[in-house]
Amino acid sequence: EDVDQIQRQIPTWEAKAARIREELVQCEEENQSLRTRVEKLDGENAALKKEVQAARAAAAAQAVAAQAAQQTMASFERRLVALEKGRASGEPPQSSDDQRKHLRVPGEQPAVRARSHSQQ
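Mapped onto our numbering, the consecutive letters of the sequence shown carry residue numbers 429 to 548.
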């Protein structure tokens, strides 16, 4: 009697097994699709990280350039003030060497100029 009952349930179990196999195939296909999508997103993520690094490097370079420009502008402003003070005192510099000394702000290093072989 138990054997007959088990034999009657076999078609039901086989049908369930077939449905489970179909679900498994669908899950594997979906899994592969998701893996492909993840790989694509990983690639996009890596590209975006590189883009962010490049943007950060560009921003840092721009900040350095802006600071250098600001320092140059401040130096020019100091020189202009020194020149205006010299003119106001009635003693304008005579030679270009005097002018460079006059425009130099105390504590500022003089510009070093390289001489070509023809000038030596």
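Cβ coordinates follow ideal geometry from the N, Cα and C atoms, glycine included. As the structure is a prediction and not an experimental result, all values here were calculated from the model.
- For E512, the enclosing alpha helix (DSSP H) has its first and last residue at 430 to 516.
- The C-alpha of T500 lies about 55 Å from the C-alpha of R463.
- Going by C-alpha positions, Q490 is about 10 Å away from A497.
- One alpha carbon belongs to K468, the other to N459, and they sit about 14 Å apart.
- In the same chain as T440, and ignoring 5 residues on each side of it, no C-beta atom comes closer than 7 Å to its own.
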